[in-house]
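A.B. asks:
Protein chains: 2
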Amino acid sequence: MSSYRAPLSDMRFVLFDVLGAEALFARLGFTDATRDIVDAVLEEGARFTETVLAPLNRGGDATGCSYDPATGTVTTPPGFKEAYAQYVDGGWAGLVSPVELGGQGLPQAAGVPLKEMIDAANLAWGNFPLLSHGATEALLHHGAPWQQEAFLKPIIAGRWTGTMCLTEPQCGTDLGLLKTRAEPQPDGSHAITGTKIFITAGEHDFTDNIVHLVLARLPDAPAGSKGISLFIVPKTKVGRDGAMGARNAVRCGALEHKMGIHGSATCVMNFDGAQGWLIGAPNKGLAAMFTMMNTARLAVGLQGLGLADRAWQNALRYARERLQMRALSGAKFPDKPADPIIVHPDVRRMLLTQKALVEGGRALGYHAALLVDIVGHGADAAEREQADALLGFLTPIVKACLTEWGVECTYHALQCFGGHGYIAEHGMEQLARDARITTLYEGTTGIQALDLMGRKIMQSQGAGLRVFLQMIEDFCRANAGSPALAEFVEPLRAKAAEWQALTMTIGQRAVADADEVGAAAYDYLFYSGYVALAYWWARSVAAADASAHPEAFKDAKRQTARFYFARLLPRTLAHKAAIESGGGSLLALEADRFDA
Amino acid sequence: MSSYRAPLSDMRFVLFDVLGAEALFARLGFTDATRDIVDAVLEEGARFTETVLAPLNRGGDATGCSYDPATGTVTTPPGFKEAYAQYVDGGWAGLVSPVELGGQGLPQAAGVPLKEMIDAANLAWGNFPLLSHGATEALLHHGAPWQQEAFLKPIIAGRWTGTMCLTEPQCGTDLGLLKTRAEPQPDGSHAITGTKIFITAGEHDFTDNIVHLVLARLPDAPAGSKGISLFIVPKTKVGRDGAMGARNAVRCGALEHKMGIHGSATCVMNFDGAQGWLIGAPNKGLAAMFTMMNTARLAVGLQGLGLADRAWQNALRYARERLQMRALSGAKFPDKPADPIIVHPDVRRMLLTQKALVEGGRALGYHAALLVDIVGHGADAAEREQADALLGFLTPIVKACLTEWGVECTYHALQCFGGHGYIAEHGMEQLARDARITTLYEGTTGIQALDLMGRKIMQSQGAGLRVFLQMIEDFCRANAGSPALAEFVEPLRAKAAEWQALTMTIGQRAVADADEVGAAAYDYLFYSGYVALAYWWARSVAAADASAHPEAFKDAKRQTARFYFARLLPRTLAHKAAIESGGGSLLALEADRFDA
Numbered sequence: 001m002s003s004y005r006a007p008l009s010d011m012r013f014v015l016f017d018v019l020g021a022e023a024l025f026a027r028l029g030f031t032d033a034t035r036d037i038v039d040a041v042l043e044e045g046a047r048f049t050e051t052v053l054a055p056l057n058r059g060g061d062a063t064g065c066s067y068d069p070a071t072g073t074v075t076t077p078p079g080f081k082e083a084y085a086q087y088v089d090g091g092w093a094g095l096v097s098p099v100e101l102g103g104q105g106l107p108q109a110a111g112v113p114l115k116e117m118i119d120a121a122n123l124a125w126g127n128f129p130l131l132s133h134g135a136t137e138a139l140l141h142h143g144a145p146w147q148q149e150a151f152l153k154p155i156i157a158g159r160w161t162g163t164m165c166l167t168e169p170q171c172g173t174d175l176g177l178l179k180t181r182a183e184p185q186p187d188g189s190h191a192i193t194g195t196k197i198f199i200t201a202g203e204h205d206f207t208d209n210i211v212h213l214v215l216a217r218l219p220d221a222p223a224g225s226k227g228i229s230l231f232i233v234p235k236t237k238v239g240r241d242g243a244m245g246a247r248n249a250v251r252c253g254a255l256e257h258k259m260g261i262h263g264s265a266t267c268v269m270n271f272d273g274a275q276g277w278l279i280g281a282p283n284k285g286l287a288a289m290f291t292m293m294n295t296a297r298l299a300v301g302l303q304g305l306g307l308a309d310r311a312w313q314n315a316l317r318y319a320r321e322r323l324q325m326r327a328l329s330g331a332k333f334p335d336k337p338a339d340p341i342i343v344h345p346d347v348r349r350m351l352l353t354q355k356a357l358v359e360g361g362r363a364l365g366y367h368a369a370l371l372v373d374i375v376g377h378g379a380d381a382a383e384r385e386q387a388d389a390l391l392g393f394l395t396p397i398v399k400a401c402l403t404e405w406g407v408e409c410t411y412h413a414l415q416c417f418g419g420h421g422y423i424a425e426h427g428m429e430q431l432a433r434d435a436r437i438t439t440l441y442e443g444t445t446g447i448q449a450l451d452l453m454g455r456k457i458m459q460s461q462g463a464g465l466r467v468f469l470q471m472i473e474d475f476c477r478a479n480a481g482s483p484a485l486a487e488f489v490e491p492l493r494a495k496a497a498e499w500q501a502l503t504m505t506i507g508q509r510a511v512a513d514a515d516e517v518g519a520a521a522y523d524y525l526f527y528s529g530y531v532a533l534a535y536w537w538a539r540s541v542a543a544a545d546a547s548a549h550p551e552a553f554k555d556a557k558r559q560t561a562r563f564y565f566a567r568l569l570p571r572t573l574a575h576k577a578a579i580e581s582g583g584g585s586l587l588a589l590e591a592d593r594f595d596a
Numbered sequence: 001m002s003s004y005r006a007p008l009s010d011m012r013f014v015l016f017d018v019l020g021a022e023a024l025f026a027r028l029g030f031t032d033a034t035r036d037i038v039d040a041v042l043e044e045g046a047r048f049t050e051t052v053l054a055p056l057n058r059g060g061d062a063t064g065c066s067y068d069p070a071t072g073t074v075t076t077p078p079g080f081k082e083a084y085a086q087y088v089d090g091g092w093a094g095l096v097s098p099v100e101l102g103g104q105g106l107p108q109a110a111g112v113p114l115k116e117m118i119d120a121a122n123l124a125w126g127n128f129p130l131l132s133h134g135a136t137e138a139l140l141h142h143g144a145p146w147q148q149e150a151f152l153k154p155i156i157a158g159r160w161t162g163t164m165c166l167t168e169p170q171c172g173t174d175l176g177l178l179k180t181r182a183e184p185q186p187d188g189s190h191a192i193t194g195t196k197i198f199i200t201a202g203e204h205d206f207t208d209n210i211v212h213l214v215l216a217r218l219p220d221a222p223a224g225s226k227g228i229s230l231f232i233v234p235k236t237k238v239g240r241d242g243a244m245g246a247r248n249a250v251r252c253g254a255l256e257h258k259m260g261i262h263g264s265a266t267c268v269m270n271f272d273g274a275q276g277w278l279i280g281a282p283n284k285g286l287a288a289m290f291t292m293m294n295t296a297r298l299a300v301g302l303q304g305l306g307l308a309d310r311a312w313q314n315a316l317r318y319a320r321e322r323l324q325m326r327a328l329s330g331a332k333f334p335d336k337p338a339d340p341i342i343v344h345p346d347v348r349r350m351l352l353t354q355k356a357l358v359e360g361g362r363a364l365g366y367h368a369a370l371l372v373d374i375v376g377h378g379a380d381a382a383e384r385e386q387a388d389a390l391l392g393f394l395t396p397i398v399k400a401c402l403t404e405w406g407v408e409c410t411y412h413a414l415q416c417f418g419g420h421g422y423i424a425e426h427g428m429e430q431l432a433r434d435a436r437i438t439t440l441y442e443g444t445t446g447i448q449a450l451d452l453m454g455r456k457i458m459q460s461q462g463a464g465l466r467v468f469l470q471m472i473e474d475f476c477r478a479n480a481g482s483p484a485l486a487e488f489v490e491p492l493r494a495k496a497a498e499w500q501a502l503t504m505t506i507g508q509r510a511v512a513d514a515d516e517v518g519a520a521a522y523d524y525l526f527y528s529g530y531v532a533l534a535y536w537w538a539r540s541v542a543a544a545d546a547s548a549h550p551e552a553f554k555d556a557k558r559q560t561a562r563f564y565f566a567r568l569l570p571r572t573l574a575h576k577a578a579i580e581s582g583g584g585s586l587l588a589l590e591a592d593r594f595d596a
């Protein structure tokens, strides 16, 4: 099966050398988040994920979760439940939650490497605590004090887990179509009735309660997405005093059979007049939902990153071990029966693509987590506002790019194994199947693209883009005189100017025709992602050069950056051409003529 | 589950309107391959694949093949064996084989739509007859008369099936490393000993004999690939008189557990002094093997095409049915609760990408099959030679592009389903898993790229490319004055010139450094594939305009061609830039520094 070693060295490099997290944590008032503490968390996280979670990954895929129709219960794969108990005992559940609610109070950016490790070690298992994280955010920002006391504290302690119950058979993206009803009850609660599908961790055997956050409609709610409210619906009822009560009328009706993440319980959940408690204001459920959703989108981006990294580690190992053919330029290892395949340029193309997307993507993803910390803890209102605009802009890019790159990297990694990659025992095909969900859930790639182009560019007049362009400009200016960085600074500056111009072009067209937003969205998102990664690669080279890392490390960063600029950044040319061609070629064909 | 309708209308359009197959078949002496006959074959093939094979696809995936270690036998999924009997009864097995050996004598290009239908309907099942096709080619071109009589006739009749036994644990691409031994026996046979892996259809319950074509080394063979010979090793021994004898010492040792094509038996085959008969000359096995391999590569390309088409059909249906959100430019179906998702530009992007790659890819693939017929039956030696050069040039392009596009199309199609695409019951995830093997077996994409760049460009001085460029030039010249085609002719001509120049650039570099061949190969192959597809799309528009097809059909071809030129052809920009950047960024990083 595939192996996993937490990439601690690169995680630290990104966090401390590239992003300067240590000073930032101090400035934001995270007095406990010293370098020593964060290092210890990383070490311990590596131990837990490598030795506890990773070994359960293959078995979890083979066994999957099972459902008992008689009782509506779900049994998780062997070892999953015990691993969760260790996770809770280790204090991981509340790592980045507020101290006053029982958490450890570390910054989000310090928790993000742990998240990446969990996903790489065992994505299916990682989905159970992931959903708690979304529920935590919603309860933290929108829950009443008694709700935080009764529901949030047990989640932060890891005693219970949370879910997000949004999707219904007739509505996924389009939540305005949802039908689940909430009837007010004399005791101030609501009776929730309806069916939700695709509910990750909707039922399991880890904990004795599960806190569902459920979107539903009040009786007098306006139609569409303006009439949606959010409710807390626990599996077992909980009094305002926190006392456990009777079993609530919510039940898992089935498990989905999926392409991958077999160890995750993806549930159909039936609510039959279940007791629910309104969170936040009536009909304002969508805003509360987005609090969960934005967190979840960044988290899913990290899933793509984690899987890509694990795939890449195994592809590299295999490419060094597998002997096949001689280098075209002559034998490199004449004493062996053939050269290891890492000598072949096309295998190197696949390996370097993975390395460039994984390590560059790590900077992109961790930076977003730092922005979450600044938004939450920045002392200066202007700084918080700027970070918020940038975070909003980057969230769809992180989600879509890291997951699509995760699919791409697991693809290349499997391909490096040749036919052996298709065989289950090597574990590469599981990574590819597991990665495939990440571009779908928490908003498909197309939805991320619309969010970026529609909300973050058009509706916000590109506020976040301006902040990012300024970061690029600051970096280019600061390094304008550096001969060592000139090969990156010049093309980066040119791309930034092109990015700005391209954004203007689309904006002008979209004013005339709203469909131009949708027509440009996908290519604009990836264009943006590749330019953003060029920035992070240039910064990574600068950070490596300025660091105390060994020469081999610095050389690897520089050569990978060169590869990125030479062979991946040109993908922007295709995206730019597609954008500039406009919406006409997408819109002209009548729907009934597609199969004429 | 996913549905399948054979795309007869487009198959006929490509074969007869675009490629002018009717006149060509007549010219090549296929007097039976009239339009009426071929039409009847297509109709009957559609009926067989839609009603017999397609319904077995989902069950074949769920059940898979099973292996009994006690007997070494393999049981195929329910219905597979009976479907094979119907296939044989219908006369399909020998459709394109010579009449004198019991076949129907139809041209390869007339069999190719049937092949596409089989793969689309049930890829896993299709792998059983596929391997017979490769064995047929090898026996036809290299077998002695008694071998053709004893082994080939039963294969053509469908009574037995064939295999290709090449791969061993230590050698896949690098056949020079193979260890299987062949010891001469007094009766003129050889005793074959060794282990082969990844043997498709190596054991099954369809027929009472299986004819393995096995690569092995004679005792005095030179080292490496110059010392490989090809042997016929039947599961049950067969005398020179064709009489069935005792069970041979070849046995299936295990089945592989794979990502997909669960209904195909992928076998470990153990040869333990099995009786084998040399085919062709000693130590010339690689040449005979390539006879099988080239056929198999075109066939695997069609597998990618078939899966892409089935995926696309289902994505289109779903995009018309699924109601979600309103068009950004205003509701298109105000009477429905939401618009069908086909109104959204990004969904159209995914659908049109599939349509452009499937229909364009069909012309690319069918054209290659016509070249096989010209090579085999052309009256003029110069014509045969030119067709052979072009076929050699196009074979790696057809194999790599149609399979990678198959992966891409099944990806987009699944994505069109959103989260539902990840759920097994919709059948989209099976298509994606099944497609994933096609870029691996019969030579990975990287190997196709090396074959193109190394053999077909460098070693052959671009003979095949020159023929293709002349075809483009002829088309552009013939249509230079056509206002209706100007939008395609001009960019096509420019791309062809660029293609030629790019080839020269790589060639010059490669003379100085052999690794430049490998460094450019992948991007050159896809660059070539996209330009080739531009040519077929331009020709498709011209052919549609000149045909009697309805206006809606002509419009769909034109709009799809416009989409292709505007949004897919620009991928050549990224490939060109990658090629022009040279091998430096791939080769500079030391192998031990990839994880420094």
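Residue numbers (full-length UniProt numbering), protein chains in the order written: chain H, 1 to 596; chain S, 1 to 596. Where is the CB? At the ideal position from N, CA and C, for every residue including glycine.
Measure how close the beta-carbons of H/GLY245 and H/GLY239 come, nearest whole angstrom, since I'm counting them as under 8 Å.
C.D. replies: On the first sequence, residue 245 of chain H is found 245 positions in, with the first residue counted as 1. On the first sequence, residue 239 of chain H is found 239 positions in, with the first residue counted as 1. H/GLY245 to H/GLY239, Cβ: 6 Å. Contact.
A.B. asks: Going along chain S in order, which residues have a C-beta closer than 8 Å to the C-beta of H/LYS355?
C.D. replies: The sequence position of residue 355 of chain H within the first sequence is 355, counting from 1. The answer, in chain order, is PHE594.
A.B. asks: Between S/ASP272 and S/THR193, which are expected to be in contact by the criterion C-beta below 8 Å, what is the C-beta distance as a whole number of angstroms?
C.D. replies: Within the second sequence, the letter at position 272 stands for residue 272 of chain S. Within the second sequence, the letter at position 193 stands for residue 193 of chain S. Going by Cβ atoms, the distance from S/ASP272 to S/THR193 rounds to 6 Å, so yes, they are a contact pair.
A.B. asks: Are the region 382-389 of chain H and the region 212-232 of chain S touching by the rule of at least three beta carbon pairs closer than 8 Å?
C.D. replies: No, the region 382-389 of chain H does not touch the region 212-232 of chain S.
A.B. asks: Residues of the region 439-470 of chain S with a CB closer than 8 Å to any CB of chain H: list them in chain order, please.
C.D. replies: Going along the region 439-470 of chain S in chain order, one finds THR439, LEU440, TYR441, THR444, THR445, GLY446, ALA449, LEU450 and GLY454 with a Cβ nearer than 8 Å to chain H.
A.B. asks: Give the interface partners of S/ALA327 over in chain H, defined as CB-CB distance under 9 Å, in chain order.
C.D. replies: One-based indexing of the second sequence puts residue 327 of chain S at position 327. Per Cβ cutoff of 9 Å: ALA514, ASP515 and GLY518.
A.B. asks: Leaving out the 5 sequence neighbours to the left and right, which residues in its chain are closer than 7 Å to H/TRP312 when beta-carbon positions are compared?
C.D. replies: If you number the first sequence from 1, residue 312 of chain H lands on position 312. Cβ within range, chain order: GLN354, LYS355, VAL358, CYS409 and ALA413.
A.B. asks: Give me the residue from H/ALA54, H/LEU502, H/PRO98 and H/GLY59 with the minimum Cα distance to H/GLU116.
C.D. replies: For the purposes of this step, residue 116 of chain H is identified with residue 116 of the first sequence, where counting begins at 1. Answer by Cα proximity: H/ALA54.
A.B. asks: For S/ARG181 and S/PRO169, what's the separation of their Cα atoms in angstroms?
C.D. replies: The count along the second sequence starts at 1 and reaches residue 181 of chain S at position 181. The count along the second sequence starts at 1 and reaches residue 169 of chain S at position 169. Spanning the two alpha carbons is a distance of roughly 15 Å.
A.B. asks: Any C-beta of chain H sitting closer than 8 Å to the C-beta of S/HIS426?
C.D. replies: Working through the second sequence from its first residue, we reach residue 426 of chain S at position 426. Answer no: the Cβ-Cβ gap between S/HIS426 and chain H never drops below 8 Å.
A.B. asks: Could you pull the start and end residues of the alpha helix (DSSP H) that S/THR353 belongs to?
C.D. replies: Working through the second sequence from its first residue, we reach residue 353 of chain S at position 353. Taken as a continuous stretch (DSSP letters only), the alpha helix (DSSP H) holding S/THR353 covers 345-377.
A.B. asks: Please give me, in chain order, every unbroken run of the alpha helix (DSSP H) with length at least 4 that falls completely inside the UniProt domain "Acetyl-CoA dehydrogenase-like C-terminal" (468-589) of chain S.
C.D. replies: Here the runs fully enclosed are 486-512, 515-545, 551-563, 571-580 and 584-587.
A.B. asks: Note down, one range per segment and in chain order, each beta strand (DSSP E) of at least 3 residues found wholly within the region 245-331 of chain S.
C.D. replies: You should have 250-255 and 266-279.
A.B. asks: Please name the residues in the region 23-39 of chain H whose beta-carbon is closer than 9 Å to at least one beta-carbon of chain S, in chain order.
C.D. replies: Those residues of the region 23-39 of chain H that come within reach of chain S (Cβ to Cβ, closer than 9 Å) do not exist; the list is empty.
A.B. asks: Contact criterion: CB-CB distance below 8 Å. Does S/LYS399 meet it with respect to chain H?
C.D. replies: As a position in the second sequence, residue 399 of chain S is number 399, starting the count at 1. Closer than 8 Å: no.
A.B. asks: Let me know if S/GLU429 comes out buried or exposed under the rule of 16 or more other beta-carbons within 10 Å of its beta-carbon.
C.D. replies: For the purposes of this step, residue 429 of chain S is taken as residue 429 along the second sequence, with counting starting at 1. So S/GLU429 ends up on the buried side.
A.B. asks: Determine whether the beta carbon atoms of H/GLY406 and H/LEU307 lie at a separation below 8 Å.
C.D. replies: Translated into the one-based positions of the first sequence, residue 406 of chain H becomes position 406. Translated into the one-based positions of the first sequence, residue 307 of chain H becomes position 307. Yes; because the gap between Cβ atoms is below 8 Å, this pair is in contact.
A.B. asks: Classify H/PRO107 as helix, strand or coil using the three-state DSSP reduction.
C.D. replies: Here residue 107 of chain H refers to the residue found at position 107 of the first sequence. It is coil, neither helix nor strand.
A.B. asks: Where does H/ASP36 sit, in a helix, a strand or coil, going by DSSP?
C.D. replies: In the first sequence, the residue the question calls residue 36 of chain H occupies position 36. Three-state DSSP puts H/ASP36 in a helix.
A.B. asks: H/GLN86 and H/VAL52: beta carbons closer than 8 Å?
C.D. replies: Sequence index remark: in the first sequence, residue 86 of chain H carries index 86 (1-based). Sequence index remark: in the first sequence, residue 52 of chain H carries index 52 (1-based). The answer is yes: Cβ separation under 8 Å.
A.B. asks: Using a C-beta cutoff of 8 Å, does H/LYS336 count as contacting chain S?
C.D. replies: Here residue 336 of chain H corresponds to residue number 336 of the first sequence, with the count starting at 1. Output row for H/LYS336: interface = no.
A.B. asks: Which residues in the same chain as S/HIS142 place their Cβ atom closer than 6 Å to its Cβ, once the five residues preceding and following it in sequence are excluded?
C.D. replies: Here residue 142 of chain S refers to the residue found at position 142 of the second sequence. Once the five neighbours on either side are set aside, the close Cβ partners of S/HIS142 are ILE279, GLY280 and ALA288.
A.B. asks: Who are H/MET164's beta bridge partners in DSSP?
C.D. replies: Residue mapping note: residue 164 of chain H aligns to position 164 of the first sequence, counting from 1. Beta-bridge pairing links H/MET164 to H/LEU213.
A.B. asks: In chain order, what residues of the same chain have a beta carbon less than 6 Å from the beta carbon of S/ALA566, not counting five sequence neighbours either side?
C.D. replies: Position 566 of the second sequence, counting from 1, holds the residue named residue 566 of chain S. Excluding residues within five positions, none has a Cβ falling inside 6 Å.
A.B. asks: Pair every Cβ in the region 433-448 of chain H with every Cβ in the region 475-488 of chain H, then say whether three or more of these pairs are closer than 8 Å.
C.D. replies: Cβ pair count under 8 Å is below three, so no.
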